[in-house]
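Here the protein sequences line up with chains U and Z, keeping their order. Going by this note's numbering, the first sequence wraps up at 351, each residue one higher than the last. Going by this note's numbering, the second sequence wraps up at 351, each residue one higher than the last. The beta carbon of each residue, even a glycine, is placed where N, CA and C say it ideally should be. Below is one structure, written out as C-alpha cells, with a few remarks after it.
2 protein chains.
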Amino acid sequence: MQRLLNRPQDYVDEMLDGIYLAHPTQVKFINEDKRCLVSSKTKEGKVGIITGGGSGHLPLFLGYVGEGLLDGCCIGGVFQSPSSMQILDVTKEVNRGAGVLYLYGNYGGDIMNFDMAKDMAEMESIEVRQVVAGDDVASSPKGSENKRRGVAGIFYAFKIAGAAAESMLPLAEVERLAQKASDHVRSMGVALTPCTIPELGKANFSISDGEMDLGMGIHGEPGIKVDKLKTADEIVDEILSHILPDLPYSKGDEVSVLVNGLGATPKEELYIVFRRVANVLAEKGISLYNSYVGEFATSMDMAGMSISLLKLDSELKNYLSMPCSTPFFLQNQI
Amino acid sequence: MQRLLNRPQDYVDEMLDGIYLAHPTQVKFINEDKRCLVSSKTKEGKVGIITGGGSGHLPLFLGYVGEGLLDGCCIGGVFQSPSSMQILDVTKEVNRGAGVLYLYGNYGGDIMNFDMAKDMAEMESIEVRQVVAGDDVASSPKGSENKRRGVAGIFYAFKIAGAAAESMLPLAEVERLAQKASDHVRSMGVALTPCTIPELGKANFSISDGEMDLGMGIHGEPGIKVDKLKTADEIVDEILSHILPDLPYSKGDEVSVLVNGLGATPKEELYIVFRRVANVLAEKGISLYNSYVGEFATSMDMAGMSISLLKLDSELKNYLSMPCSTPFFLQNQI
C-alpha cells in the first residue's frame, strides 16, 4: 500500500485536522466533533443546505461547504454514513429561520440517517426538505431512475441549489431547483484500478491489469461490464452511448460537461477524455457551456474517470453561472 | 499501463485539444502551434511573463497562464523542453512594449532554449529578463543553490511575479520580485511510485512496494535516499529537517505552505501531510499565512507529494494575496 498515512484508524480525523488547519477562516466544526463541518460564513434568513456521506471522496462532500454553495456537511468513516445525531446537530446549526435542505446521494445508509435526522429536526420545529441525487446511468436502467446511485453529477445539484439559496429563494424553491438540477444530470464512469481502504490495507475488489470496469461505482460497486482496457476515445464513445439516449440529450441542447477524475488519473488524461466528449457533442449538434475538468468526486487512489452532462435551460444556466467560494472550489461569475 | 489515452504519440496534442475546448474564453494558441499557449486577456503596457518546460506536469506549466499570473507558455513533449523558436514566437506575442520576463525551472534543456530565445528577442529589440527557479533542497546542497532543480515552489514565483506585472510594475521590478520569491522558497518531496511515460508504456525508473524515494525529482531524478516507506508524520519530519535549516526558517517567521500532490496521491493524504507540517511549524513558533493544498506540479501518475515553504515579508505577502484567475488556478483577494 503506497500511501501517506499514520495509523489507518486515524485517517479520517487527521485528514480533517489538516482541513481545519489549512482553511481556518472558511470552515469550522461544531460540538467538538470534527465530522460536523459548517461554513464560517452565515447569512440570516438564508435556506441552509446540508450534505453528507462517507469519507474518501474529496472534495466530496465537505469540499462544497462555503459561500454560494452548501452550509454544512456531516461525514462518516471511509465509505460510511454519518449518524442521524450528527446530521441533526448540523441542521440546528445552519438553520437561519428559513428551513434546511438535505441534498445527498442515493445510498441506503445515508438515506436512513438523513430521514431520521429530518424527523428529529421537525420535532424541533425546523422545516426540512430532502433531495436525493442519483445520476449514475450504469447503476439502474431507465425507468427505475430512483434506484440510481449518486456520483459526481451531484456537483451540479450542489451548485444550482447553493446559488439559489444564496439568492435568498425560499426553501420550496431551493428544493425545486436542486431536484431540477438532479433530474437534468446523467453520469457514468470507468474504473481502471481499485482503491485501497486504509483500514483494510488493500482494495475490497480487483481490476486486472489491461482491463477496466465500465460503470463501476465510487465505492467499487460492480459496473455494467468488465472489458479489456480500450482507448480513451472508445471508452468515451461507449459511456456517451449510455448517457445521451437516457435523458435524452439531443441536437440543439446546451449542456455543461463535467469530466471527473477518480483520484489517481492525471489531469492530462482528463483533458484527452474531455476532447473526445466535446467532439462527439459537436457532431451531434449539442453545444457546450462552462465545462469542468478535474477532481470533483473521487475514490482515493482509484484510477479512472466519470463523465456528467447537465442539460441546461435559462434558469439552470443562471444559477450555474453565479460565483461561489469554498476551500476546494472557487468560481467567479460567468 | 492503466491509463486513459489513444495513441501514445498523440498524448500531448490531444491533451492540448482538450484544454482549448474546455477553456475557449481564457486561453488560445498562436501560429497554429498548440504548444504555444497565451492568455486571451491582454493589457497594454504590462510586462509579459512566459514560462515553459516539458509536458506531463499539469497544472504546470500552462495552467498558470491567465489574469494576474502569466501571459504565455511553451511546452514540449513529455519531459522535453520547448524549442527556442516557439519561445521567441510567444515572446513577440506577449510583449506589450514593457518587455518580457522568462520565469522557468532549472533544467538544462529549458535553459538552453530560453537563452537562445532571449538572444533572438533582443535582436528584435524586445527587452527580456530571466529568472531561473531552483527550490528543491534535495537536488544540491546548501552553498550550491544554483544547481537546484525547480519543483512545485515555482508556483510562488509565478504568483508573486504575476501579481507584480498585473500591478503594472516595470520589468526590472517584476524580475526583482520573481527572484526574491524564488530565493525565499524551499521545497522537497517524496515519491511512492514511479510515473509512466506514455510513449514508453512504462516507467523509466522504479520504486519497490513498501519503499519510498525521498527527494526524488518530478522526472524521476534520484533523491537523497531510498528507504522503507515510513508514516506520513515521519516523512514530513524528515523533509522539514532538510527544508527548515536551509533558508533557514526560524521562530517568528511567517510562511505560506504548499503541499503538492504528485498526481496519484489522494487529497485526503495531502491534508494528513499538511496537518503535520502545520503542527511542526507551530511548535517552532513559525506562523502560517494562506496555505495551499492540492496538485500544483505533478508527474502524471506518480504517487507522492512535495512540501514548499515561502518565507514571507510584507512585500511578498502583498503580491501573494492578490487575486488571479486561470483555468487551473483561481484565487480571490485575501
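Cβ-based burial, residue i [other Cβ within 10 Å; buried from 16]
| i | result |
| --- | --- |
| I108 (chain U) | The amino acid occupying residue 108 (chain U) in the given sequence is Thr; Ile does not appear at that position. Burial call: buried. |
| R24 (chain U) | exposed |
| S98 (chain U) | buried |
| A115 (chain U) | buried |
| N277 (chain U) | buried |
| L120 (chain Z) | buried |
| E251 (chain Z) | exposed |
| E286 (chain Z) | buried |
| A299 (chain Z) | exposed |
| Q348 (chain Z) | buried |
| I324 (chain Z) | buried |
Simplified DSSP assignment, three categories, for residue i
| i | result |
| --- | --- |
| E49 (chain Z) | coil |
| I214 (chain Z) | strand |
| R20 (chain Z) | coil |
| L275 (chain U) | strand |
| R146 (chain U) | strand |
| G237 (chain U) | coil |
| T108 (chain U) | helix |
| Q43 (chain U) | coil |
| R292 (chain U) | helix |
| Q348 (chain Z) | strand |
| L15 (chain Z) | This structure gives no information on residue 15 (chain Z), because the portion of chain Z shown stretches from 18 to 351. |
| K245 (chain Z) | strand |
| R113 (chain U) | coil |
| K176 (chain U) | helix |
| S101 (chain U) | helix |
| I92 (chain U) | strand |
| V64 (chain Z) | coil |
| S258 (chain U) | helix |
| V168 (chain Z) | coil |
| S316 (chain Z) | coil |
| I324 (chain Z) | strand |
| D153 (chain Z) | strand |
| G69 (chain Z) | strand |
Contact belief for residue i with residue j at Cβ below 8 Å, rounded distance in angstroms
| i | j | result |
| --- | --- | --- |
| L246 (chain Z) | L209 (chain Z) | 7 Å |
| G179 (chain Z) | L261 (chain Z) | Not really, about 27 Å apart at Cβ, beyond 8 Å. |
| V297 (chain U) | A249 (chain U) | Contact doesn't hold; Cβ gap of about 12 Å is too wide. |
| V253 (chain U) | Y288 (chain U) | Not a contact, Cβ separation roughly 12 Å. |
| H74 (chain Z) | A320 (chain Z) | The Cβ separation is near 15 Å, so there is no contact. |
| G232 (chain U) | G206 (chain U) | 7 Å |
| V95 (chain Z) | S72 (chain Z) | 5 Å |
Within chain U, the residues that residue i reaches when beta carbons sit closer than 9 Å
| i | result |
| --- | --- |
| K51 (chain Z) | Ordered by position in chain U, no residue passes the 9 Å Cβ test against K51 (chain Z), which lies about 11 Å from the chain. |
| T68 (chain Z) | The contacting residues do not exist; T68 (chain Z) stays about 17 Å from chain U at best. |
| D226 (chain Z) | M18, Q19 |
| A249 (chain Z) | R20, L21, L22, N23, E31 |
Neighbouring residues, chain Z, relative to residue i (Cβ below 8 Å)
| i | result |
| --- | --- |
| V310 (chain U) | G35, A39 |
| D318 (chain U) | A281, T282, P283, A320 |
| Y28 (chain U) | E285, I289 |
Neighbour flag for residue i against chain U, beta carbons, 8 Å
| i | result |
| --- | --- |
| L77 (chain Z) | no |
| K164 (chain Z) | no |
| I252 (chain Z) | yes |
| G73 (chain Z) | yes |
| D327 (chain Z) | The identity of residue 327 (chain Z) in the sequence shown is Leu, whereas the question assumes Asp. It does not; no Cβ of chain U falls within 8 Å. |
| N23 (chain Z) | yes |
| L54 (chain Z) | no |
| Q19 (chain Z) | yes |
| L186 (chain Z) | no |
| A155 (chain Z) | no |
| T315 (chain Z) | yes |
Closer than 8 Å to chain Z by CB, residue i
| i | result |
| --- | --- |
| I260 (chain U) | no |
| V290 (chain U) | yes |
| E285 (chain U) | yes |
| S342 (chain U) | yes |
| D127 (chain U) | no |
| Q97 (chain U) | no |
Interface residues of chain B facing residue i [CB-CB closer than 7 Å]
| i | result |
| --- | --- |
| E31 (chain Z) | Among the protein chains of the structure shown, namely U and Z, there is no chain B. |
Amino acids of chain U, ordered along the chain, whose beta-carbon sits closer than 8 Å to that of residue i
| i | result |
| --- | --- |
| L347 (chain Z) | L347, Q348, N349 |
| A295 (chain Z) | G35, L38, A39 |
| L246 (chain Z) | Q19 |
Beta-carbon neighbours of residue i, restricted to chain Z and to distances below 9 Å
| i | result |
| --- | --- |
| L209 (chain U) | Q19, R20, L21 |
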